[in-house]
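K.L.:
Structure in structure tokens, see below.
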Amino acid sequence: MNLFDLTGKKSVVTGGSRGLGRGIAEGLHEAGAEVVIIGSSDEVFTTAEEMNKTGSKVYAVKGDLGDRGQITDIFNQAIGILGTVDILVNNAGIQSLHKSEEFPLDVWDKVLQINLTTTFQLCQLAGKIMLERGSGKIINVASMNCFVTAQKIIAYVASKSAVGQITKALANEWGGRGVNINAIAPGYFDTTLTSFIHQDSEREKLIESRIPMERWGTPNDLKGAAIFLASDASAYVNGIVLPVDGGYLSR
Ligand SMILES: NC(=O)c1ccc[n+]([C@@H]2O[C@H](COP(=O)([O-])OP(=O)(O)OC[C@H]3O[C@@H](n4cnc5c(N)ncnc54)[C@H](O)[C@@H]3O)[C@@H](O)[C@H]2O)c1
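Those letters in the sequence shown? Residues 1 to 251, per our numbering, in order.
So, in structure tokens, the structure goes:
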């Protein structure tokens, strides 16, 4: 028996068109799962086409997960394609930099909506299906900012630490009903989201000096954690926030 096999599993990965979400979607796909990737641009179609060259089916749904009015419809489109959902990965997220004393509240709302409220709503929507069936796996993508903070990203810090806590709260409520909900807390990964750091050499140096493995992560580095938390290998793992950070938190 292969505890990590996902053959026949139906999965949904938000923000799966690029960056960490693509790495996670590729991991689930390589382990045998069918995948719907959700993204806000046409990139989602290109990514699905590229991934579809091998293995199980990959489908694309385009929609704005920052628009509360669209979320049920976007989720229902994914369910319409797959028939059900066994694995939900809430990965889509955004970042915005402002000094705390000047942080615009409309930007605060936008970051909180996508990173936290949409994540919760999708947990609710998938959770109803999973609870009724008595099985399911939800993986929320949190951040190092569940554990430590950084400057000028207060909305991001608030949203991601809350994602860590709602993950635990949902595991607390749903753990006895067959649903595992865990989070991954990535360290520093080179993606569009973190490209601003390379423009600030002081911040970049400080970060690099804190990574014991002496390199940034790549989307491939998340595959193992995602497959583990999506599979039977993690049957008795519930409510954790798993750092995948090259040792960042240990320094
Ligand atoms: N890169 C890092 O170092 C790092 C570290 C910790 C956590 N994270 C988290 O990982 C997740 C992915 O980030 P990334 O670094 O790959 O960033 P990215 O910008 O490369 O990718 C973000 C993804 O989210 C999707 N997305 C954003 N807004 C959306 C919207 N309104 N509707 C639908 N889709 C939307 C994009 O289409 C894209 O696929 C985020 O939640 C981020 O907070 C990243």
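Beta carbons are placed, not taken as given, at the ideal position from N, Cα and C, and that holds for glycine.
1) Would you mind stating whether GLN28 and LEU3 have Cβ atoms separated by less than 8 Å?
2) Measure the Cβ-Cβ separation of ILE71 and LEU105 and say whether it is below 8 Å.
3) Between the Cα of SER143 and those of ASN115, LEU131 and LYS137, spot the shortest distance and give me the residue it belongs to.
4) Under the three-state reduction of DSSP, which class applies to PRO219: helix, strand or coil?
5) Check whether the Cβ of SER40 lies closer than 7 Å to any heavy atom of ligand 1, and answer yes or no.
6) In terms of residue numbering, what span does the beta strand (DSSP E) encompassing VAL141 cover?
7) Determine the extent of the beta strand (DSSP E) in which SER40 is found, giving its start and end residues.
8) Please look up how many angstroms separate the CB atoms of MET23 and ASN145, rounded, as I've assumed it's under 8 Å.
9) Just checking ILE129 against ligand 1 - is the residue's beta carbon closer than 7 Å to any of the ligand's heavy atoms?
10) From GLY176 to ILE240, what does the alpha carbon distance come to, in whole angstroms?
11) In the DSSP assignment, find the unbroken beta strand (DSSP E) run with LYS252 in it and report its ends.
12) Which one of THR14, GLY134 and GLY21 has the shortest CA to CA distance from GLN77?
P.N.:
Based on what the coordinates show:
1) Position 28 of the sequence shown holds residue 28. Position 3 of the sequence shown holds residue 3. Residue identity differs from the one stated: residue 28 is Leu in this sequence, not Gln. It is not a contact, given that the beta carbons lie outside the stated cut-off.
2) To locate residue 71, count along the sequence shown from 1; it is residue 71. To locate residue 105, count along the sequence shown from 1; it is residue 105. Not a contact, by the Cβ cut-off of 8 Å.
3) As a working note, residue 143 is residue 143 in the sequence shown. It is ASN115.
4) The residue given as residue 219 occupies position 219 in the sequence shown. PRO219 falls in the helix class under three-state DSSP.
5) By one-based count along the sequence shown, residue 40 stands at place 40. The answer is yes for SER40.
6) Along the sequence shown, read from residue 1 onward, the residue named residue 141 stands at position 141. Per DSSP, VAL141 belongs to the beta strand (DSSP E) from 136-141.
7) Stepping through the sequence shown from its first residue, residue 40 is reached at position 40. Careful: SER40 lies outside any beta strand (DSSP E) and carries neither H nor E.
8) The count along the sequence shown starts at 1 and reaches residue 23 at position 23. The count along the sequence shown starts at 1 and reaches residue 145 at position 145. First, the amino acid is wrong: residue 23 is Gly here, not Met. Cβ-Cβ separation between GLY23 and ASN145: approximately 19 Å, too far for a contact (criterion under 8 Å).
9) Position 129 of the sequence shown, counting from 1, holds the residue named residue 129. No, ligand 1 has no heavy atom inside 7 Å of this Cβ.
10) Here residue 176 refers to the residue found at position 176 of the sequence shown. Here residue 240 refers to the residue found at position 240 of the sequence shown. Rounded to whole angstroms, GLY176 to ILE240 spans 15 Å at the Cα level.
11) The structure shown has nothing for residue 252, since the chain only spans 1 to 251.
12) On the sequence shown, position 77 is the one that residue 77 refers to. Per the Cα distances, THR14.
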